[in-house]
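Asker: One structure follows; several queries about it will come next.
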Amino acid sequence: HDAMRCNDKITKYSKLQLAASAFCNEAQLQLVMRITQVPLALARRACHSALAQVPVTIRARNALIRQPDSQIITLASQPRSGAFRPRARSAHPSRHQPRPSLSRTLATTPTRSSPVPLLSPMMAPDPSSLSNFTEIRVTHSDFELDVNLDKKIIEGYVQIDAVAEVDSPSHLLLDTRDLTIHRVELHSPLQSPQGQGGPIPLKFQVDEPHKVLGSALRLELPADLVGPLTRGSRLSLGVRFTTSPSSSAVQFLDPAQTAGGRQPYLFTQCQAIHARSLVPCQDSPGAKMSYSAVVRVPQPLTALMSAVPDEPADGLPHLADVEPQYPTSLFSFHQKVPIAPYLLALAVGELSSATLGPRTRVWSEPSMVEAGAYEFADTNKFLEAGEAIAGEYVWGRYDLLLLPPSFPYGGMENPCLTFVTPTLLAGDRSLTNVVAHEIAHSWTGNLVTNANWEHFWLNEGFTVFLERKILGHLHGPATFQFHAAQGAAKLALEVERLGADNPYTRLVPDLSGGVDPDDVFSSIPYEKGFYFLYYLQELVGGADVFDPFLAAYIAAHRHKTLTSADFRKFFEDYFKEVPAAQTVDWDTWFFSPGMPPVTNTYDTSLAQQAYDLAMKWHTCDVMGIGSDGPAGASPADVDGWSSEQMVAFLDKLRQFRAPQPMHKTVTKRLAELYGIYDSNNAEIRYAFFKLAIPAEDDQALPAAALMLRNQGRMKFLRPLYRALHRSKAGRQLAEDTFAEVGVSYHPIARKMVAADLGIKDE
Numbered sequence: 001h002d003a004m005r006c007n008d009k010i011t012k013y014s015k016l017q018l019a020a021s022a023f024c025n026e027a028q029l030q031l032v033m034r035i036t037q038v039p040l041a042l043a044r045r046a047c048h049s050a051l052a053q054v055p056v057t058i059r060a061r062n063a064l065i066r067q068p069d070s071q072i073i074t075l076a077s078q079p080r081s082g083a084f085r086p087r088a089r090s091a092h093p094s095r096h097q098p099r100p101s102l103s104r105t106l107a108t109t110p111t112r113s114s115p116v117p118l119l120s121p122m123m124a125p126d127p128s129s130l131s132n133f134t135e136i137r138v139t140h141s142d143f144e145l146d147v148n149l150d151k152k153i154i155e156g157y158v159q160i161d162a163v164a165e166v167d168s169p170s171h172l173l174l175d176t177r178d179l180t181i182h183r184v185e186l187h188s189p190l191q192s193p194q195g196q197g198g199p200i201p202l203k204f205q206v207d208e209p210h211k212v213l214g215s216a217l218r219l220e221l222p223a224d225l226v227g228p229l230t231r232g233s234r235l236s237l238g239v240r241f242t243t244s245p246s247s248s249a250v251q252f253l254d255p256a257q258t259a260g261g262r263q264p265y266l267f268t269q270c271q272a273i274h275a276r277s278l279v280p281c282q283d284s285p286g287a288k289m290s291y292s293a294v295v296r297v298p299q300p301l302t303a304l305m306s307a308v309p310d311e312p313a314d315g316l317p318h319l320a321d322v323e324p325q326y327p328t329s330l331f332s333f334h335q336k337v338p339i340a341p342y343l344l345a346l347a348v349g350e351l352s353s354a355t356l357g358p359r360t361r362v363w364s365e366p367s368m369v370e371a372g373a374y375e376f377a378d379t380n381k382f383l384e385a386g387e388a389i390a391g392e393y394v395w396g397r398y399d400l401l402l403l404p405p406s407f408p409y410g411g412m413e414n415p416c417l418t419f420v421t422p423t424l425l426a427g428d429r430s431l432t433n434v435v436a437h438e439i440a441h442s443w444t445g446n447l448v449t450n451a452n453w454e455h456f457w458l459n460e461g462f463t464v465f466l467e468r469k470i471l472g473h474l475h476g477p478a479t480f481q482f483h484a485a486q487g488a489a490k491l492a493l494e495v496e497r498l499g500a501d502n503p504y505t506r507l508v509p510d511l512s513g514g515v516d517p518d519d520v521f522s523s524i525p526y527e528k529g530f531y532f533l534y535y536l537q538e539l540v541g542g543a544d545v546f547d548p549f550l551a552a553y554i555a556a557h558r559h560k561t562l563t564s565a566d567f568r569k570f571f572e573d574y575f576k577e578v579p580a581a582q583t584v585d586w587d588t589w590f591f592s593p594g595m596p597p598v599t600n601t602y603d604t605s606l607a608q609q610a611y612d613l614a615m616k617w618h619t620c621d622v623m624g625i626g627s628d629g630p631a632g633a634s635p636a637d638v639d640g641w642s643s644e645q646m647v648a649f650l651d652k653l654r655q656f657r658a659p660q661p662m663h664k665t666v667t668k669r670l671a672e673l674y675g676i677y678d679s680n681n682a683e684i685r686y687a688f689f690k691l692a693i694p695a696e697d698d699q700a701l702p703a704a705a706l707m708l709r710n711q712g713r714m715k716f717l718r719p720l721y722r723a724l725h726r727s728k729a730g731r732q733l734a735e736d737t738f739a740e741v742g743v744s745y746h747p748i749a750r751k752m753v754a755a756d757l758g759i760k761d762e
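Position one of the sequence shown corresponds to residue 1 (full-length UniProt numbering), numbered consecutively onward.
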């Protein structure tokens with residue numbers, strides 16, 4: 001400890017810690033110790049400290065990188081890592097004001113210095129997958145699926161095409177969860193004479209399940225059957241499987257749970273790691289594949305997938321053992337663009353459609369088609385704006401599927417077929433910015449994809465940025481700035497809720513050790529990611545400079561996956577002639593929790609009227625003892641406002657009231673004057689309930705519970721359940737409501753709400 005207090009020893013210790021965290025190799029550690037002349041005891045202490053910052057799964061899988069001694073010598077002689085030196089302040093002008101308290105946060109918060117730069121973008125390991133896609137990678141999957149709505153299972157067969165990424169792989173590992181594996185067989189190459197007549201059986205093993213990651217399906221690749229595999233060798237295998245009724249990817253709905261009430265319904269949700277409970281796959285964003293499928297469903301139902309419809313097939317030759325006792329129909333699909341497995345999607349139900357444009361169509365149950373066609377009439381405009389900013393739309397079609405109310409998200413960017421929630425049906429097209437977001441995913445997320453879920457901000461932060469660019473393209477720069485300012489307020493509230501020291505408020509969280517990505521889900525990667533990109537835009541000279549970079553970034557990485565380190569390299573190479581671009585404190589942005597290290601400023605002119613009204617309502621009841629509202633308040637206050645302005649008003653008022661809730665007489669007066677309960681806009685009602693529940697508003701509590709009964713969107717469910725559960729009058733109401741309707745929620749939503757309420761999900 002005395003030695004570590006000396007500056008020269010600290011310098012050497014930091015170099016050693018960086019080397020140890022990158023290599024973690026005893027022999028190489030001895031070499032670095034000699035070079036830096038640090039005592040052995042101190043060297044070991046440094047190594048143990050550094051090891052604690054390296055993802056457990058990287059160490060456990062023997063995925064440590066073996067580097068030549070010369071490279072280690074070079075590393076040890078380099079200046080200290082940014083994680084171990086005083087943080088340099090941005091030299092950019094005052095629009096980015098440093099937060100003086102952040103240095104104190106960094107002093108007490110460990111920061112992981114990522115080893116990712118040493119890895120190929122396509123070979124970055126994924127702590128959320130048990131597959132070995134870095135050794136042998138699935139390139140195409142051909143599915144045969146039989147949907148049994150009575151038994152709530154899917155019988156399936158998948159023929160997998162794979163390519164060896166290394167020499168002599170002995171086995172293929174696939175992710176599974178709650179799947180029954182019936183047989184595995186080899187299609188090609190067939191080296192053995194016994195296989196000349198067709199596929200031959202292969203030995204397989206389903207490993208013991210991990211509570212989060214599921215079970216690895218181990219497919220042996222004996223040399224006498226497949227021959228000597230070298231890097232680039234290709235082979236084809238088949239797996240016969242059956243899903244479980246409890247599959248976390250699939251929700252089966254009884255007729256009573258649908259809008260029409262006549263036919264059952266099925267839809268899937270595979271993000272983040274639920275594709276493995278639908279089909280055997282390499283369930284990692286880094287393992288992109290194309291796919292084709294033939295789906296058999298009961299008549300008169302229709303099947304849709306995240307792909308383009310194909311010519312009708314003759315049957316399901318590998319499912320000859322499955323013989324439905326009712327009339328069926330076959331639907332065929334083909335997705336030629338390689339996608340991450342989390343983008344696999346299937347929906348089956350009584351479905352109709354309406355044309356929106358030459359490439360766009362809306363699907364839904366027949367009773368909602370007309371409303372959906374009206375609400376999403378501007379879809380083609382969003383698509384054209386996206387192309388103007390980000391380049392060619394490569395997916396062919398862009399269709400929308402309006403799902404039943406239990407769909408857990410606002411939208412899901414399944415290629416060719418975006419899933420959307422019916423909570424967007426406000427009747428005035430006021431909530432279609434969600435469609436702009438999902439369209440933006442066609443480039444950022446679907447085409448250019450995060451290598452694993454630790455780098456989720458590369459999907460969502462970029463997509464929010466592109467979404468707001470699309471809205472700005474259509475409605476002007478002030479609209480972009482308005483949504484940016486609202487996003488910054490949302491980020492501040494989210495950091496406050498989670499805690500400024502919470503490691504999951506990092507832009508790049510550590511998901512090693514089997515962390516469930518669903519448990520880390522929040523608005524952080526969305527809004528902190530956008531915040532970072534806006535900071536970079538202003539740093540290098542504004543939108544005129546940054547927009548060409550955005551297009552170049554997408555063009556350079558289309559069909560690829562990448563890490564945050566890959567993005568940093570591309571940014572620094574692109575802006576190598578811009579001095580300000582060299583001042584970015586990447587370690588702090590990527591690995592420090594809490595609010596960003598700088599403060600962006602936005603044009604709030606569109607929001608100012610809403611903010612001013614929020615201040616009037618705040619000051620009329622500062623102490624929370626009640627009042628009749630601001631003097632002269634009337635419905636005319638919000639005449640001509642957009643729904644976004646109304647939400648901005650309610651959110652800003654809630655921000656003002658965080659230290660002291662309003663009195664319920666004030667929230668009741670506000671709802672009466674501004675017609676909150678008459679609004680069909682789910683976002684307005686949701687924003688109001690977050691304000692009124694802490695006020696113990698006895699009119700708002702049952703209305704909020706009704707909203708929880710009528711839809712299953714997690715954006716609304718989780719905050720409202722948490723607010724009710726914290727409320728004196730609402731705690732029992734929250735538990736009773738969940739006990740009554742929780743079974744109707746999607747499995748992902750049900751699990752997350754149960755955790756929020758401290759209830760064990762059966």
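Backbone N, C-alpha and C define an ideal beta-carbon position, used for all residues, glycine too.
1) As a quick exercise: from L356, E387, G396, P404, pick the residue whose alpha carbon is nearest that of T379.
2) Could you give the residue range of the beta strand (DSSP E) that holds P338?
3) Compute the Euclidean distance between the alpha carbons of T230 and E135, then round it to the nearest angstrom.
4) Can you give me the C-alpha to C-alpha distance between M368 and G742, rounded to a whole angstrom?
5) Assuming A581 and V540 form a contact by the criterion Cβ under 8 Å, report the distance between their Cβ atoms to the nearest whole angstrom.
6) Using 10 angstroms around the beta-carbon of I625, count the other beta-carbons present and answer buried if the total reaches 16, otherwise exposed.
7) Could you please give the first and the last residue of the uninterrupted beta strand (DSSP E) stretch that includes W363?
8) Is it true that the CB of L217 sits closer than 8 Å to the CB of S188?
9) Do you know how far the Cα of T505 is from the Cα of L498?
10) Starting from I136, trace the alpha helix (DSSP H) in both directions and tell me its first and last residue.
11) Is the beta carbon of G461 less than 8 Å from the beta carbon of E438?
12) Measuring straight from C-alpha to C-alpha, what distance separates H182 and P317?
13) Please determine, among A543, A489, P517, the residue with the shortest C-alpha to C-alpha distance to L466.
14) Just list the beta strand (DSSP E) runs in the region 409-447, keeping only unbroken ones of 3 residues or longer that don't cross its boundaries, in chain order.
15) CB P404 to CB L253, shorter than 8 Å?
16) Among G675, R359, Y374, L402, which has the Cα closest to the Cα of G349?
17) How many angstroms separate the CA atom of V239 from the CA atom of C281?
18) On a CA-only basis, which of T268, K288, G712, L149 is nearest R558? Give me that one, please.
19) Restricting to runs no shorter than 3 residues, where is the beta strand (DSSP E) found entirely within the region 253-303?
20) Curious, which full-length beta strand (DSSP E) runs of at least 3 residues does the region 372-416 contain?
21) At a Cβ threshold of 8 Å, is E683 touching chain B?
22) For P719, which residues in the same chain have their Cβ closer than 7 Å to its Cβ, ignoring the five residues on either side in sequence?
23) Helix, strand or coil for E155, going by three-state DSSP, please let me know.
24) Note down the Cα distance separating S744 from S406, rounded to an integer number of angstroms.
25) First and last residue of the alpha helix (DSSP H) that includes H557?
26) Shortest alpha-carbon distance to L174 belongs to which of I154, T139, P201?
27) Would you check if the distance between the CB atom of A565 and the CB atom of Y531 is smaller than 8 Å?
28) N450 by DSSP, collapsed to three states: which one?
29) How would you label Y677, buried or exposed, when you count the other beta carbons within 10 angstroms and need 16 or more for buried?
30) Measure the alpha-carbon distance for D161 versus T421 and round it to whole angstroms.
31) Starting from the Cα of A671, find the closest Cα among A704, I154, A700, V308 and give me that residue.
32) Report the rounded CA-to-CA distance for D510 versus S727, giving the unit in angstroms.
33) Quick check on this structure: which residue in L383, L550, P525, A385 has the alpha carbon closest to the alpha carbon of Q537?
34) Can you list, in chain order, the residues of its chain whose CB lies under 6 Å from that of V212, leaving out five sequence neighbours each side?
35) Across the region 433-450 and the region 391-399, are there enough close Cβ pairs to call them in contact, namely three or more that are closer than 8 Å?
36) If L458 sits next to N450, beta carbons under 8 Å apart, how far is it from one beta carbon to the other, in whole angstroms?
Answerer: With the given structure in hand:
1) What you label residue 379 is simply residue 379 of the sequence shown in a count that begins at 1. Taking the Cα of T379 as reference, the smallest distance to any Cα among L356, E387, G396, P404 is reached at L356.
2) As a working note, residue 338 is residue 338 in the sequence shown. Start and end: 328-339.
3) The residue given as residue 230 occupies position 230 in the sequence shown. The residue given as residue 135 occupies position 135 in the sequence shown. Roughly 11 Å between the two C-alpha positions.
4) Position 368 of the sequence shown holds residue 368. Position 742 of the sequence shown holds residue 742. Distance between the alpha carbons of M368 and G742 is about 24 Å.
5) Indexing the sequence shown from 1 puts residue 581 at position 581. Indexing the sequence shown from 1 puts residue 540 at position 540. Confirmed, about 5 Å.
6) Numbered from its first residue, the sequence shown carries residue 625 at position 625. Taking all protein chains in view, the Cβ of I625 is surrounded by fewer than 16 other Cβ atoms within 10 Å, so the residue is classified as exposed.
7) For the purposes of this step, residue 363 is taken as residue 363 along the sequence shown, with counting starting at 1. W363 -> beta strand (DSSP E) spans 360-364.
8) By 1-based counting over the sequence shown, the position of residue 188 is 188. By 1-based counting over the sequence shown, the position of residue 217 is 217. For S188 and L217, no; Cβs fall outside 8 Å.
9) Residue 498 sits at position 498 when you count from the first residue of the sequence shown. Residue 505 sits at position 505 when you count from the first residue of the sequence shown. Cα-Cα distance, rounded: 7 Å.
10) For the purposes of this step, residue 136 is taken as the residue at position 136 of the sequence shown. The continuous stretches of alpha helix (DSSP H) do not include I136, which lies in the beta strand (DSSP E) extending over residues 136-148.
11) As a first step, residue 461 must be located in the sequence shown, where it is residue number 461. As a first step, residue 438 must be located in the sequence shown, where it is residue number 438. Not in contact: G461 and E438 (Cβ atoms no closer than 8 Å).
12) Counting from 1 along the sequence shown, the entry for residue 182 is found at position 182. Counting from 1 along the sequence shown, the entry for residue 317 is found at position 317. H182 and P317: Cα-Cα distance of roughly 16 Å.
13) To locate residue 466, count along the sequence shown from 1; it is residue 466. Out of A543, A489, P517, A543 has the C-alpha closest to the C-alpha of L466.
14) Those beta strand (DSSP E) runs which fall completely within the region 409-447 and span 3+ residues are 417-420.
15) Working through the sequence shown from its first residue, we reach residue 404 at position 404. Working through the sequence shown from its first residue, we reach residue 253 at position 253. Yes.
16) Sequence index remark: in the sequence shown, residue 349 carries index 349 (1-based). If we check each option's Cα against that of G349, L402 comes out closest.
17) What you label residue 239 is simply residue 239 of the sequence shown in a count that begins at 1. What you label residue 281 is simply residue 281 of the sequence shown in a count that begins at 1. C-alpha separation (whole angstroms): 10 Å.
18) For the purposes of this step, residue 558 is taken as the residue at position 558 of the sequence shown. The candidate whose alpha carbon is nearest that of R558 is K288.
19) For the region 253-303, whole beta strand (DSSP E) runs of length 3 or above, ordered along the chain, are 265-268, 289-298.
20) Complete beta strand (DSSP E) runs here, min 3: 398-402.
21) Here chain B cannot be found, since the structure has a single protein chain.
22) Stepping through the sequence shown from its first residue, residue 719 is reached at position 719. Once the five neighbours on either side are set aside, the close Cβ partners of P719 are K690.
23) Residue 155 sits at position 155 when you count from the first residue of the sequence shown. DSSP places E155 in strand when its eight states are reduced to three.
24) The residue you call residue 744 lines up with position 744 of the sequence shown. The residue you call residue 406 lines up with position 406 of the sequence shown. The C-alpha of S744 lies about 7 Å from the C-alpha of S406.
25) Here residue 557 refers to the residue found at position 557 of the sequence shown. In the DSSP assignment, H557 falls within the alpha helix (DSSP H) that extends over 543-557.
26) Counted from its first residue, the sequence shown places residue 174 at position 174. L174 has its Cα closest to that of T139, out of I154, T139, P201.
27) Here residue 565 refers to the residue found at position 565 when the sequence shown is read from its first residue. Here residue 531 refers to the residue found at position 531 when the sequence shown is read from its first residue. For the 8 Å CB-CB criterion, A565 and Y531 do not form a contact.
28) Taking the sequence shown and counting its residues from 1, one reaches residue 450 at position 450. DSSP places N450 in the strand class (E or B) of the three-state scheme.
29) Translated into positions along the sequence shown, residue 677 becomes position 677. Exposed is the call here.
30) Position 161 of the sequence shown, counting from 1, holds the residue named residue 161. Position 421 of the sequence shown, counting from 1, holds the residue named residue 421. For D161 and T421, the distance between alpha carbons rounds to 35 Å.
31) Mapped onto the sequence shown, residue 671 falls at position 671. Nearest neighbour of A671 by Cα position, chosen from A704, I154, A700, V308, turns out to be A700.
32) Working through the sequence shown from its first residue, we reach residue 510 at position 510. Working through the sequence shown from its first residue, we reach residue 727 at position 727. Cα-Cα distance, rounded: 33 Å.
33) If you number the sequence shown from 1, residue 537 lands on position 537. The option with the nearest alpha carbon to Q537 is L550.
34) Locating residue 212 in the sequence shown gives position 212, where the first residue counts as 1. Closer than 6 Å at the Cβ level, and outside the excluded window around V212, lie G514, D516.
35) Contact holds: three or more Cβ-Cβ distances are below 8 Å.
36) Indexing the sequence shown from 1 puts residue 458 at position 458. Indexing the sequence shown from 1 puts residue 450 at position 450. Approximately 4 Å separates the beta-carbon atoms of L458 and N450; this is inside 8 Å, confirming the contact.
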